[in-house]
Amino acid sequence: MNAPTTSGAFAVATTDVELQLSEQIPGRILAGAPRPRSGLMWRSDDGLLERGVFEADPGAFSFTFGWEEYFVVVAGRATVELSTGQVLELEPGVAGAFFPGDETTWTIHETFRKGFHCDLRAV
Numbered sequence: 001m002n003a004p005t006t007s008g009a010f011a012v013a014t015t016d017v018e019l020q021l022s023e024q025i026p027g028r029i030l031a032g033a034p035r036p037r038s039g040l041m042w043r044s045d046d047g048l049l050e051r052g053v054f055e056a057d058p059g060a061f062s063f064t065f066g067w068e069e070y071f072v073v074v075a076g077r078a079t080v081e082l083s084t085g086q087v088l089e090l091e092p093g094v095a096g097a098f099f100p101g102d103e104t105t106w107t108i109h110e111t112f113r114k115g116f117h118c119d120l121r122a123v
């Protein structure tokens, strides 16, 4: 599915979003083979707002956010530890946010999928 650039309403099943391997994680994999993938459902005309799906297989990786992200978990289970010591337990139905500069370590326990909204204006 190509990401539409529209301000109109839309609804997409997260299972129907075409996912591609993420280029942002390789080199930061700590354990296993998480194979992070993502796909866009929508992008604003100026490219600064994105809505999509992220998925990863069991394993562990580190990642530093360069944007503001709101998310809701739709499948699987993961533990995210922030450099501040805060630990987030993520499972279906959990919603939350990450902010620019958040340094995270992800442990994916079960193939994990989240819907996200990214605000790239902070980049």
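Each residue of the sequence shown is one higher than the last, beginning at 1 in full-length UniProt numbering. Yeah, the Cβ is synthetic: ideal placement off N, Cα and C, and Gly gets one too. In this text the structure is predicted, and so the values were computed from the model without any measurement.
For residue i, which three-state DSSP category applies?
i	result
Val12	coil
Gly85	coil
Arg28	coil
Restricting to Cα atoms, I'd like to know which of the options is closest to residue i.
i	options	result
Val72	Thr84, Glu81 and Leu88	Leu88
Gly101	Leu120, Lys114 and Phe112	Leu120
Val123	Tyr70, Leu19 and Phe65	Phe65
Gln86	Glu103, Glu50 and Phe112	Glu103
Gly93	Gly76, Thr105, Ile108 and Ala11	Gly76
Phe63	Val80, Gly115 and Leu21	Val80
Ile29	Thr105, Glu68 and Phe116	Thr105
Glu50	Ala13, Gln20, Leu82 and Met41	Met41
Buried or exposed for residue i, please, with buried defined as at least 16 other CB atoms from any protein chain shown within 10 angstroms of its CB.
i	result
Phe99	exposed
Met1	For Met1, the predicted model reports a pLDDT of 46, less than 50, meaning its position is unreliable; a value from the coordinates is still stated below. That one is exposed.
Leu90	buried
Gly39	buried
Ala60	buried
Gly52	buried
Ala97	exposed
Under 7 Å, Cβ to Cβ, is there at least one residue of chain D near residue i?
i	result
Leu30	The structure shown contains no chain D, having only a single protein chain.
Just list the residues that DSSP pairs residue i with in beta bridges.
i	result
His117	Arg51 and Tyr70
Phe98	Glu69
> If you scan the region 34–82 from start to end, which runs of the beta strand (DSSP E) of 3 or more residues do you find wholly inside it?
Replying inline: 37–43, 49–56, 59–64 and 68–82
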